[in-house]
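Some notes on the structure that comes next.
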Amino acid sequence: MAFVEINNLSKSFGNNKVFTDLNIFIEKGQKVAIKGESGKGKTTLLRMLTGISNPDSGTISFDGKVLGDDTVKGIRSLIGYLPQGIDLLIDNGNQLCNLLEIEPMSIYNYIEALGLNKKKLAQPVSELSGGETQRLFTAIILGLKRPILILDEPTSALDANSILKLINLIWSMHELTVISTTHNQTWEKHCDKIIEL
(Lines of atoms letter the chains of each structure in order from A and count residues from 1; the text may use other names and numbers.)
(Lines give C-alpha, C1' and ligand atoms only; values in the text may rest on other atoms or scores of the structure.)
Protein backbone atom coordinates (compact mmCIF):
# COMPACT_ATOMS: atom_id res chain seq x y z
CA MET A 1 0.00 0.00 0.00
CA ALA A 2 1.36 3.41 -0.99
CA PHE A 3 1.74 6.15 1.64
CA VAL A 4 -0.51 8.47 -0.39
CA GLU A 5 -3.06 6.94 -2.76
CA ILE A 6 -5.35 8.76 -5.18
CA ASN A 7 -7.89 6.35 -6.66
CA ASN A 8 -10.21 7.09 -9.60
CA LEU A 9 -10.42 10.77 -8.69
CA SER A 10 -12.69 12.98 -10.80
CA LYS A 11 -13.43 16.68 -10.56
CA SER A 12 -15.48 19.06 -12.70
CA PHE A 13 -16.47 22.70 -12.46
CA GLY A 14 -19.74 22.97 -14.36
CA ASN A 15 -19.12 21.50 -17.81
CA ASN A 16 -15.34 21.75 -17.40
CA LYS A 17 -13.86 18.35 -16.52
CA VAL A 18 -10.62 19.05 -14.67
CA PHE A 19 -9.62 15.40 -14.48
CA THR A 20 -11.33 12.02 -14.72
CA ASP A 21 -10.37 8.74 -13.02
CA LEU A 22 -7.01 10.09 -11.85
CA ASN A 23 -4.78 7.51 -10.12
CA ILE A 24 -1.57 8.44 -8.30
CA PHE A 25 0.47 6.37 -5.85
CA ILE A 26 3.20 7.99 -3.76
CA GLU A 27 5.60 6.16 -1.47
CA LYS A 28 6.86 7.53 1.83
CA GLY A 29 9.83 9.83 1.31
CA GLN A 30 9.21 10.38 -2.40
CA LYS A 31 9.53 13.87 -3.84
CA VAL A 32 6.80 14.32 -6.45
CA ALA A 33 6.19 17.09 -8.99
CA ILE A 34 2.78 17.68 -10.54
CA LYS A 35 2.94 19.58 -13.80
CA GLY A 36 0.56 20.70 -16.49
CA GLU A 37 -0.73 23.76 -18.27
CA SER A 38 -2.75 26.40 -16.44
CA GLY A 39 -6.29 25.24 -15.78
CA LYS A 40 -5.35 21.54 -15.72
CA GLY A 41 -6.20 21.23 -12.01
CA LYS A 42 -2.82 21.27 -10.28
CA THR A 43 -3.88 23.60 -7.47
CA THR A 44 -7.31 21.94 -7.32
CA LEU A 45 -5.61 18.60 -6.70
CA LEU A 46 -3.53 20.07 -3.86
CA ARG A 47 -6.67 21.56 -2.33
CA MET A 48 -8.33 18.14 -2.45
CA LEU A 49 -5.28 16.49 -0.86
CA THR A 50 -5.63 18.88 2.08
CA GLY A 51 -9.40 18.44 2.37
CA ILE A 52 -10.17 22.04 1.39
CA SER A 53 -12.00 20.91 -1.74
CA ASN A 54 -13.86 17.65 -2.35
CA PRO A 55 -13.67 15.43 -5.45
CA ASP A 56 -16.81 14.54 -7.39
CA SER A 57 -15.85 10.88 -7.09
CA GLY A 58 -12.91 8.71 -6.09
CA THR A 59 -10.85 8.52 -2.91
CA ILE A 60 -7.67 9.95 -1.41
CA SER A 61 -5.89 7.92 1.29
CA PHE A 62 -3.00 8.77 3.58
CA ASP A 63 -1.21 5.86 5.25
CA GLY A 64 -4.30 3.70 4.73
CA LYS A 65 -6.85 6.22 6.02
CA VAL A 66 -9.39 7.51 3.51
CA LEU A 67 -9.81 11.29 3.55
CA GLY A 68 -13.33 12.23 4.61
CA ASP A 69 -15.32 14.32 7.06
CA ASP A 70 -14.44 12.06 9.99
CA THR A 71 -10.71 11.79 9.17
CA VAL A 72 -9.83 15.19 7.71
CA LYS A 73 -8.64 16.71 11.00
CA GLY A 74 -6.29 13.83 11.75
CA ILE A 75 -4.99 13.72 8.18
CA ARG A 76 -4.32 17.46 8.18
CA SER A 77 -2.09 16.92 11.22
CA LEU A 78 0.21 14.93 8.88
CA ILE A 79 0.50 17.74 6.32
CA GLY A 80 2.43 20.97 6.03
CA TYR A 81 0.73 22.96 3.24
CA LEU A 82 2.04 26.13 1.63
CA PRO A 83 -0.45 27.56 -0.88
CA GLN A 84 0.22 30.45 -3.23
CA GLY A 85 -0.86 33.89 -2.05
CA ILE A 86 -0.48 33.30 1.68
CA ASP A 87 1.66 36.47 1.85
CA LEU A 88 -1.52 38.49 1.21
CA LEU A 89 -2.95 37.26 4.53
CA ILE A 90 0.10 37.43 6.82
CA ASP A 91 1.91 40.54 8.08
CA ASN A 92 5.25 38.91 8.93
CA GLY A 93 6.92 35.59 9.63
CA ASN A 94 6.49 35.81 13.39
CA GLN A 95 2.73 36.11 12.93
CA LEU A 96 2.68 32.91 10.85
CA CYS A 97 4.80 31.16 13.51
CA ASN A 98 2.30 32.21 16.17
CA LEU A 99 -0.66 31.00 14.11
CA LEU A 100 0.99 27.62 13.57
CA GLU A 101 2.34 27.44 17.15
CA ILE A 102 5.95 27.19 16.01
CA GLU A 103 8.79 28.43 18.20
CA PRO A 104 10.78 30.78 15.92
CA MET A 105 14.13 29.57 17.31
CA SER A 106 13.32 26.07 16.09
CA ILE A 107 13.45 27.16 12.44
CA TYR A 108 16.54 29.39 12.47
CA ASN A 109 18.58 26.60 10.84
CA TYR A 110 16.03 26.27 8.01
CA ILE A 111 15.97 30.03 7.47
CA GLU A 112 19.77 30.18 7.29
CA ALA A 113 19.94 27.12 5.01
CA LEU A 114 17.73 29.04 2.58
CA GLY A 115 20.10 32.01 2.60
CA LEU A 116 18.10 34.32 4.87
CA ASN A 117 18.78 36.12 8.14
CA LYS A 118 16.53 35.22 11.08
CA LYS A 119 15.70 38.93 11.42
CA LYS A 120 13.49 38.50 8.35
CA LEU A 121 10.91 36.86 10.63
CA ALA A 122 10.02 40.22 12.17
CA GLN A 123 10.20 42.20 8.94
CA PRO A 124 6.87 43.12 7.31
CA VAL A 125 6.11 40.97 4.28
CA SER A 126 5.54 44.19 2.34
CA GLU A 127 9.27 44.95 2.74
CA LEU A 128 10.44 41.51 1.58
CA SER A 129 10.97 40.44 -2.01
CA GLY A 130 8.76 37.68 -3.39
CA GLY A 131 11.66 35.25 -3.19
CA GLU A 132 12.47 36.16 0.41
CA THR A 133 8.83 35.69 1.43
CA GLN A 134 8.62 32.34 -0.34
CA ARG A 135 11.80 31.04 1.32
CA LEU A 136 10.79 32.36 4.75
CA PHE A 137 7.33 30.82 4.66
CA THR A 138 8.73 27.51 3.39
CA ALA A 139 11.13 27.45 6.36
CA ILE A 140 8.20 28.08 8.70
CA ILE A 141 6.09 25.29 7.18
CA LEU A 142 9.07 22.92 7.53
CA GLY A 143 9.06 23.88 11.21
CA LEU A 144 5.77 22.01 11.61
CA LYS A 145 7.82 18.83 11.14
CA ARG A 146 4.95 17.02 9.44
CA PRO A 147 5.65 13.85 7.40
CA ILE A 148 4.00 15.26 4.25
CA LEU A 149 4.82 18.61 2.65
CA ILE A 150 2.46 20.02 0.00
CA LEU A 151 3.81 23.00 -1.93
CA ASP A 152 2.05 25.02 -4.63
CA GLU A 153 4.70 26.40 -7.03
CA PRO A 154 7.48 26.52 -4.38
CA THR A 155 10.05 27.98 -6.79
CA SER A 156 7.89 30.55 -8.60
CA ALA A 157 9.63 33.59 -7.07
CA LEU A 158 13.10 32.07 -6.62
CA ASP A 159 16.29 32.60 -8.58
CA ALA A 160 18.44 29.64 -9.63
CA ASN A 161 20.69 29.78 -6.55
CA SER A 162 17.74 29.93 -4.15
CA ILE A 163 16.08 26.98 -5.91
CA LEU A 164 19.19 24.87 -5.35
CA LYS A 165 19.31 25.84 -1.67
CA LEU A 166 15.66 24.84 -1.28
CA ILE A 167 16.28 21.53 -3.07
CA ASN A 168 19.34 20.79 -0.91
CA LEU A 169 17.38 21.45 2.28
CA ILE A 170 14.23 19.51 1.40
CA TRP A 171 16.02 16.57 -0.25
CA SER A 172 18.20 16.18 2.87
CA MET A 173 14.99 15.21 4.71
CA HIS A 174 14.85 11.66 3.38
CA GLU A 175 11.69 10.63 5.25
CA LEU A 176 9.76 13.72 4.13
CA THR A 177 7.15 13.07 1.43
CA VAL A 178 6.80 16.10 -0.86
CA ILE A 179 3.94 16.75 -3.28
CA SER A 180 4.45 19.92 -5.30
CA THR A 181 3.17 21.71 -8.37
CA THR A 182 5.85 23.22 -10.55
CA HIS A 183 6.89 24.66 -13.88
CA ASN A 184 10.58 24.59 -12.93
CA GLN A 185 12.82 22.14 -14.76
CA THR A 186 15.52 22.09 -12.07
CA TRP A 187 12.96 21.14 -9.43
CA GLU A 188 11.46 18.50 -11.74
CA LYS A 189 14.87 17.01 -12.47
CA HIS A 190 15.43 16.30 -8.78
CA CYS A 191 12.00 14.74 -8.19
CA ASP A 192 11.52 10.98 -7.89
CA LYS A 193 8.26 11.12 -9.81
CA ILE A 194 6.66 13.58 -12.24
CA ILE A 195 2.91 13.50 -12.78
CA GLU A 196 1.50 15.29 -15.80
CA LEU A 197 -2.12 16.43 -15.63
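Taking this note's numbering, I'd label the letters of the sequence shown as residues 1 to 197.
In this text, a Cβ means the ideal position worked out from N, Cα and C, and glycines have one as well.
What you are looking at is a predicted structure, and each value in this text was computed from that prediction instead of being measured.
With residue i as the anchor, note down where its beta strand (DSSP E) starts and where it stops.
i      : result
Ala139 : Run containing Ala139: none in the beta strand (DSSP E); it sits in the alpha helix (DSSP H), 130-142.
Ser77  : That residue, Ser77, is in no beta strand (DSSP E); it is neither H nor E in DSSP.
Leu151 : 148-152
Ser180 : 177-181
Which residues mark the beginning and the end of the alpha helix (DSSP H) in which residue i is found?
i      : result
Ile163 : 160-171
Leu49  : 42-49
By DSSP, does residue i sit in helix, in strand, or in coil?
i      : result
Gly14  : coil
Asp87  : helix
Pro104 : helix
Ala2   : coil
Ser61  : strand
Ala157 : coil
Ala33  : strand
Ile111 : helix
Thr186 : helix
Leu193 : Note that residue 193 is Lys in the sequence shown, not Leu. Correct three-state label for Lys193: strand.
Asn94  : helix
Leu9   : strand
Leu121 : helix
Leu99  : helix
Below 8 Å on the Cβ atoms is my guess for residue i versus residue j; work out the distance and round it to an integer in Å.
i      : j      : result
Ile107 : Ile86  : No, Ile107 and Ile86 are not in contact; Cβ-Cβ is about 16 Å, not under 8 Å.
Thr155 : Leu169 : 13 Å between Cβ atoms; not a contact.
Ile163 : Thr138 : Not a contact, Cβ separation roughly 11 Å.
Thr50  : Ile79  : 6 Å
Leu197 : Phe19  : 6 Å
Rounded to a whole number of angstroms, what is the C-alpha to C-alpha distance between residue i and residue j?
i      : j      : result
Ser61  : Thr44  : 17 Å
Asp56  : Leu82  : 24 Å
Ala160 : Gly143 : 24 Å
Lys11  : Lys119 : 43 Å
Glu127 : Ala157 : 15 Å
Gly115 : Asn15  : 45 Å
Lys40  : Asp192 : 21 Å
Ile111 : Ala122 : 13 Å
Cys97  : Thr71  : 25 Å
Phe25  : Asp63  : 11 Å
Ala113 : Lys145 : 16 Å
Ile52  : Lys73  : 11 Å
Phe3   : Glu132 : 32 Å
Pro124 : Asn117 : 14 Å
Ile194 : Glu188 : 7 Å
Phe13  : Lys42  : 14 Å
Met1   : Leu9   : 17 Å
Less than 8 Å between CB atoms is the rule here; does residue i satisfy it with respect to chain C?
i     : result
Ala33 : Here chain C cannot be found, since the structure has a single protein chain.
#### Entry: Sufficient close CB pairs (3 or more, under 8 Å) joining the segment 57-75 to the segment 92-110
They do not touch, by the three-pair rule.
### Query
So, do the segment 172-183 and the segment 30-41 have three or more beta carbon pairs nearer to each other than 8 Å?
Yes, the segment 172-183 touches the segment 30-41.
### Message
With a threshold of 8 Å, are at least 3 pairs of Cβ atoms found where one atom belongs to the segment 139-150 and the other to the segment 169-179?
### Response
The segment 139-150, when compared against the segment 169-179, does touch it at the 8 Å Cβ threshold.
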